[in-house]
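Residue numbers (our numbering): 116 to 209.
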Amino acid sequence: VTDASGITKNIMETMVDYFTGKKSVPSRCRIAVACCVNMCGACHCSDIAVVGIHRTIPRINHELASKICEIPNTIASCPTGAIRPNPKLKSVEI
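Structure, rendered in structure tokens:
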């Protein structure tokens with residue numbers, strides 16, 4: 116429902132050698148990416164936290180969201196209630 120693809124792509128391209136085993140680190144490292152400062156992405160308990168703040172409201176592909184998202188879990192994951200159900204479209208709204 117959120118567009119974290121640019122941030123996630125950059126992190127994964129930088130860290131790919133560590134995920135594939137070509138390089139190693141002395142211990143585990145937890146990385147979290149969240150789309151707002153309320154940190155529903157578990158930023159508060161991560162070693163590295165990235166918060167990508169939206170400048171505009173994200174557009175929702177309602178057809179795709181209802182097929183790939185578990186709508187109740189998506190709604191429950193937002194601590195502020197910014198993600199709400201849209202029963203007419205069987206999707207969410209922001």
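Glycine is no exception: its CB is placed at the ideal position from the N, C-alpha and C atoms. On a predicted model such as this, the values are computed, not experimentally measured, just so you know.
CA-to-CA distance, residue j to residue i, given in whole angstroms
i: His169; j: Pro200; result: 20 Å
i: Leu204; j: Ala149; result: 26 Å
i: His177; j: Cys151; result: 21 Å
i: Pro194; j: Ile172; result: 17 Å
Whole-Å CB distance - residue i paired with residue j, under 8 Å assumed
i: Ser206; j: Ala180; result: 5 Å
i: Arg145; j: Asp132; result: Going by Cβ atoms, the distance from Arg145 to Asp132 rounds to 18 Å, so no, they are not a contact pair.
i: Ile183; j: Thr189; result: So it is not a contact: roughly 10 Å between Cβ atoms.
i: Ile175; j: Ile126; result: At roughly 24 Å, the Cβ-Cβ gap does not stay under 8 Å, so Ile175 and Ile126 are not in contact.
In DSSP terms, what residue i is bridged to
i: Pro200; result: Val207
Spatial neighbours of residue i in its chain, beta-carbon cut-off 6 Å, leaving aside the 5 residues before and after
i: Ser139; result: none
Cutoff 8 Å; reference residue i; Cβ partners in own chain excluding five residues on either side
i: Thr123; result: Val148
i: Thr117; result: Its pLDDT being 45, under 50, Thr117 is placed unreliably in this model, and the coordinates cannot settle the point.
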